[in-house]
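Okay, structure first, notes after.
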Amino acid sequence: MRLNLAAALAASTMMLASGPAMAEPVATDHHVHVHSPAILDFLPAYCSSLGRISACPEVFTRPLTVDDLLTDMDAAGVRRAFLMSTAYLAESPMMVPAHPDAPDLIRAANNFTVDLARRHPDRLSAFVSVNPLTPTALPEIARWADDPFAAGVKLHLTNSDVDLRDPDDVAALARVFRAAAAGDMTIMIHMRTRAEDYGAKDVGVFLDQVLPQAQGVPVMIAHSGGWGGLDDNTWAAMTAFAEALEEHPDTSRSLSFDLAQVFDAETSEADRLRLVALMRRIGIDRFVAGSDWPFSGPLNAYLNDVFARLPLTAAEAERIRSARL
């Protein structure tokens, strides 16, 4: 039950060549979350921690369930979703003091997420999560490497405070990529770090020192290299990816970018035009739909209505709507 990105990208390229098609709902949402009971119990202390770099959004703490997610998917016509564990929160350095049972919370949260995929195999693909800088990371990935319902690994560099300019952090992240590759697990990485000047330099380090360790397994860049929205750092990262891929077009065809929360109903026309221009430079076939549910609000409004505002050709829009890694 591993994900075959190379085959998906080949099929999508054929669709682009076939011309416009009738608009259909987004088939697969590549980025959703449902907190486990263990993480929900942990969140009050985490959100009130003095180590937080920003306040927790209200939607982040809602006790939403998998039934809430599936109901919203049904209303939007979404057939499948990639469910990201939020286990990594338990070992975030933003939790001050550190939770004494954090490794147990990691295991419980990942158990919960994979069990949801086991219960709904036709609707959900589960991604376990870890903080790549902790001793828990490699054993936890190894624990899931042979489980057919654990499709991938989710990494969140902002939350884990990974510094792509620190050689030790980069080495730790590379080890996690190798471990995921050894287990044939897709990697979803929230790549943006806390660096105020995050951008081209970080993309360069990632492409040179981290991505090759994936050894061809699918790697998805969450939020197209940002953390949601289109600010100077996100533009810089996307531009760096575009330049690198133009210079080295054979860079892993298993590299893709999700569009979760990159744009919304308030995104200006100028920014939507600029975004699509960069998507074309990177390669439309490398982009997939995602919502970051529940942050998106109702999926139909976000994945279908807001998505339709991007100035894509009919063939480009259909490629993204129908893509499933």
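Counting from 173, one number per residue, gives the positions in the sequence shown under the working numbering. The C-beta atom is built at its ideal place from N, Cα and C for all residues, glycine as well.
### Query
Who are the near neighbours of Gly455 in its chain, counting only those whose CB is closer than 7 Å to its CB and skipping five residues on each side?
As a position in the sequence shown, residue 455 is number 283, starting the count at 1. Excluding the 5 residues flanking it on each side, Gly455 has same chain C-beta neighbours closer than 7 Å at Leu417, in chain order.
### Distance, Asp240 Cα to Asp436 Cα
Residue 436 sits at position 264 when you count from the first residue of the sequence shown. Residue 240 sits at position 68 when you count from the first residue of the sequence shown. Answer to the nearest angstrom: the Cα atoms are 22 Å apart.
### Assigned secondary structure, Thr358 (DSSP; H/G/I helix, E/B strand, else coil)
Residue mapping note: residue 358 aligns to position 186 of the sequence shown, counting from 1. It is a strand residue.
### Contacts around Leu427, its chain only, beta-carbon distance under 6 Å, and the 5 residues preceding and following it disregarded
Position 255 of the sequence shown, counted from the first residue, corresponds to residue 427. Within the same chain, and ignoring the five residues on either side of Leu427 in sequence, the residues whose Cβ sits closer than 6 Å to its Cβ are Val391.
### Task
Measure from the alpha carbon of Gly249 to the alpha carbon of each residue in Val198, Gly223, Pro272, then state which is nearest.
Within the sequence shown, residue 249 is the residue found at index 77, counting from 1. If we check each option's Cα against that of Gly249, Val198 comes out closest.
### Query
Any idea which residues DSSP pairs Phe299 with across the strands?
Along the sequence shown, read from residue 1 onward, the residue named residue 299 stands at position 127. The partner list for Phe299 (beta bridge, DSSP) reads Met256, Gly324.
### Task
Given a cut-off of 8 Å, decide if Trp399 and Thr485 are closer than it, judged by their beta-carbon atoms.
By one-based count along the sequence shown, residue 485 stands at place 313. By one-based count along the sequence shown, residue 399 stands at place 227. Against a cut-off of 8 Å, the Cβ pair of Trp399 and Thr485 comes out as no contact.
### Query
What number of angstroms, rounded off, separates the C-alpha of Val300 from the C-alpha of Phe214?
By one-based count along the sequence shown, residue 300 stands at place 128. By one-based count along the sequence shown, residue 214 stands at place 42. Each residue's alpha carbon lies about 17 Å from the other.
### Alpha-carbon to alpha-carbon, His271 and Ser221
Numbered from 1 along the sequence shown, position 49 holds the residue referred to as residue 221. Numbered from 1 along the sequence shown, position 99 holds the residue referred to as residue 271. Cα to Cα, Ser221 sits roughly 11 Å from His271.
### Query
Among all the DSSP beta bridges, which residues are the ones paired with Val204?
Working through the sequence shown from its first residue, we reach residue 204 at position 32. Paired residue(s): Leu255, Trp465.
### Message
What does DSSP give as the partner residue(s) for Val460 in the beta ladder?
### Response
Position 288 of the sequence shown holds residue 460. Paired residues: Asp430.
### Query
Between the Cα of Val238 and the Cα atoms of Tyr218, Ala280, Phe284, Thr200, which residue gives the shortest distance?
Along the sequence shown, one-based indexing puts residue 238 at 66. Nearest C-alpha to Val238: Phe284.
### Query
Nearest-angstrom Cα distance between Asn472 and Met245?
Within the sequence shown, the letter at position 300 stands for residue 472. Within the sequence shown, the letter at position 73 stands for residue 245. If I take the Cα positions, the gap works out to 8 Å.
### Task
Grab the span of the alpha helix (DSSP H) containing Val391 for me, first residue to last.
In the sequence shown, the residue the question calls residue 391 occupies position 219. Looking at the DSSP string, Val391 is not in any alpha helix (DSSP H); the run it does join, the beta strand (DSSP E), is 391-393.
### Query
For Met173, is the classification buried or exposed, using 16 other Cβ atoms within 10 angstroms of its Cβ as the cut-off for buried?
For the purposes of this step, residue 173 is identified with residue 1 of the sequence shown, where counting begins at 1. In this prediction, Met173 has a pLDDT of 40, which is less than 50 and means its spatial position is unreliable; what the coordinates show is noted afterwards. Exposed, by the Cβ-count rule.
### Message
Judging by CA-CA distance, which residue of Glu368, Ala412, Ala352 is the nearest neighbour of Leu379?
### Response
Here residue 379 refers to the residue found at position 207 of the sequence shown. The candidate whose alpha carbon is nearest that of Leu379 is Ala412.
### Message
Judging by CA-CA distance, which residue of Pro216, Arg337, Gln387 is the nearest neighbour of Thr423?
### Response
Counted from its first residue, the sequence shown places residue 423 at position 251. With distances taken between CA atoms, Thr423 lies nearest to Gln387 out of Pro216, Arg337, Gln387.
### Query
Quick one: Cα of Val334 to Cα of Arg481, how far?
Position 162 of the sequence shown, counting from 1, holds the residue named residue 334. Position 309 of the sequence shown, counting from 1, holds the residue named residue 481. Between Val334 and Arg481, the C-alpha separation is close to 34 Å.
### Query
Taking DSSP as the reference, what is the three-state secondary structure of Glu490?
As a position in the sequence shown, residue 490 is number 318, starting the count at 1. Note: Glu490 maps to helix in three-state DSSP.
#### Entry: Cβ-Cβ separation, Ala298 to Leu255 (assumed contact under 8 Å), whole Å
On the sequence shown, residue 255 is found 83 positions in, with the first residue counted as 1. On the sequence shown, residue 298 is found 126 positions in, with the first residue counted as 1. Under the criterion of beta carbons closer than 8 Å, Leu255 and Ala298 qualify as touching, at roughly 5 Å.
### Task
Could you give the DSSP three-state label for Tyr370: helix, strand or coil?
Against the sequence shown, residue 370 aligns to sequence position 198. In the three-state reduction of the DSSP assignment, Tyr370 falls in the coil class, being assigned neither a helical nor a strand state.
### Span of the alpha helix (DSSP H) around Asp404
For the purposes of this step, residue 404 is identified with residue 232 of the sequence shown, where counting begins at 1. For Asp404, the enclosing alpha helix (DSSP H) starts and ends at 404-419.
### Query
What is the DSSP secondary structure of Ile313, reduced to helix, strand or coil?
Taking the first residue of the sequence shown as position 1, residue 313 is located at position 141. In this structure, Ile313 counts as helix in the three-state DSSP scheme.
### Query
Can you name the start and end residues of the alpha helix (DSSP H) that Cys219 belongs to?
Along the sequence shown, read from residue 1 onward, the residue named residue 219 stands at position 47. Run containing Cys219: 209-219, per the alpha helix (DSSP H) assignment.
### Message
Given this structure, state the Cα-to-Cα distance separating Leu310 from Ala317, to the nearest angstrom.
### Response
Reading the sequence shown from its first residue, position 138 is the one you call residue 310. Reading the sequence shown from its first residue, position 145 is the one you call residue 317. In a straight line, the C-alpha of Leu310 is about 10 Å away from that of Ala317.
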